[in-house]
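Trainee: Numbering-wise, the sequence shown is residues 1 to 113 according to this note's numbering. All C-beta atoms in this analysis are idealised placements derived from N, C-alpha and C, irrespective of residue type, glycine included.
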Amino acid sequence: MRCPQRLAFVDNDPLTQREAESLKAIYARIGCPDVTFVGLPGRRGVTAFNTGDVQGELMRLPAVEVEYTRPFLRVASPVNHVVGRLWARSVPGQGAPGPFGFVLGVVWQEQYG
1 MRCPQRLAFV DNDPLTQREA ESLKAIYARI GCPDVTFVGL PGRRGVTAFN TGDVQGELMR
61 LPAVEVEYTR PFLRVASPVN HVVGRLWARS VPGQGAPGPF GFVLGVVWQE QYG
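#1: So, for S77: in the same chain, excluding its five sequence neighbours on each side, which residues have a beta-carbon less than 6 Å away from its beta-carbon?
#2: Going by DSSP, what residue range makes up the beta strand (DSSP E) through L61?
#3: Going by DSSP in three states, T16 sits in which element: helix, strand or coil?
#4: Alpha carbon to alpha carbon, what distance is there between F49 and A63?
#5: Using a 10 Å radius around the Cβ and a threshold of 16 neighbouring Cβ atoms, would you call R74 buried or exposed?
#6: For G113, does the count of other Cβ atoms within 10 angstroms reach 16, so buried, or fall short, so exposed?
#7: Is the beta carbon of V38 sitting closer than 7 Å to the one on A8?
#8: Could you tell me which of T69, R29, R70, Q17 sits nearest to C3, measuring between CA atoms?
#9: Could you pull the DSSP bridge partners for F9 from this structure?
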């Protein structure tokens with residue numbers, strides 16, 4: 001078995017921080033005690049994977065997979081499945097009129113990192 005050396009996770013996301021801690025313990029139990037989890041802003045994980053600085057990422061949206069320039073293997077059965085929602089409450093006189101949309105965290109990540 002070949003153990004990964006470095007795996008990326010989204011560093012300012014409490015969920016991925018907890019998952020990194022849990023997976024480090026799991027890797028140690030299967031004989032890979034030296035795996036390092038590297039906290040990066042979301043899009044930096046893709047860059048680090050493409051340059052070979054990390055061997056994988058803890059969580060990734062399928063929509064981002066087109067950004068990979070190296071071959072990768074997606075886990076057949078995800079450990080976690082996260083669904084996000086945006087809820088808005090209309091209050092007269094507050095907020096802009098008209099429709100609203102969403103971005104897959106890209107703008108937020110770029111401003112963060």
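Mentor: Checking against the coordinates, here is how it stands:
#1: What you label residue 77 is simply residue 77 of the sequence shown in a count that begins at 1. Excluding sequence neighbours, S77 sits near nothing in its chain.
#2: As a working note, residue 61 is residue 61 in the sequence shown. Going by DSSP, L61 is part of no beta strand (DSSP E) at all; its letter is neither H nor E.
#3: Walking along the sequence shown from the start, residue 16 turns up at place 16. Of the three classes helix, strand and coil, the one that applies to T16 here is helix, per DSSP.
#4: Indexing the sequence shown from 1 puts residue 63 at position 63. Indexing the sequence shown from 1 puts residue 49 at position 49. Their Cα atoms are separated by approximately 16 Å.
#5: Looking up residue 74 in the sequence shown gives position 74. R74 comes out exposed.
#6: Against the sequence shown, residue 113 aligns to sequence position 113. With a pLDDT of 46 at G113, under the threshold of 50, the modelled position of this residue cannot be trusted; read the value that follows with caution. Only exposed fits G113, as fewer than 16 other CB atoms lie within 10 angstroms of its CB.
#7: Your numbering for residue 38 matches position 38 in the sequence shown. Your numbering for residue 8 matches position 8 in the sequence shown. A8 sits close to V38, with the two beta carbons spaced by under 7 Å.
#8: Counting from one through the sequence shown, the residue named residue 3 turns up at place 3. Here the closest residue by C-alpha is R29.
#9: Position 9 of the sequence shown, counted from the first residue, corresponds to residue 9. According to DSSP, which records beta bridges pairwise, F9 is partnered with G39.
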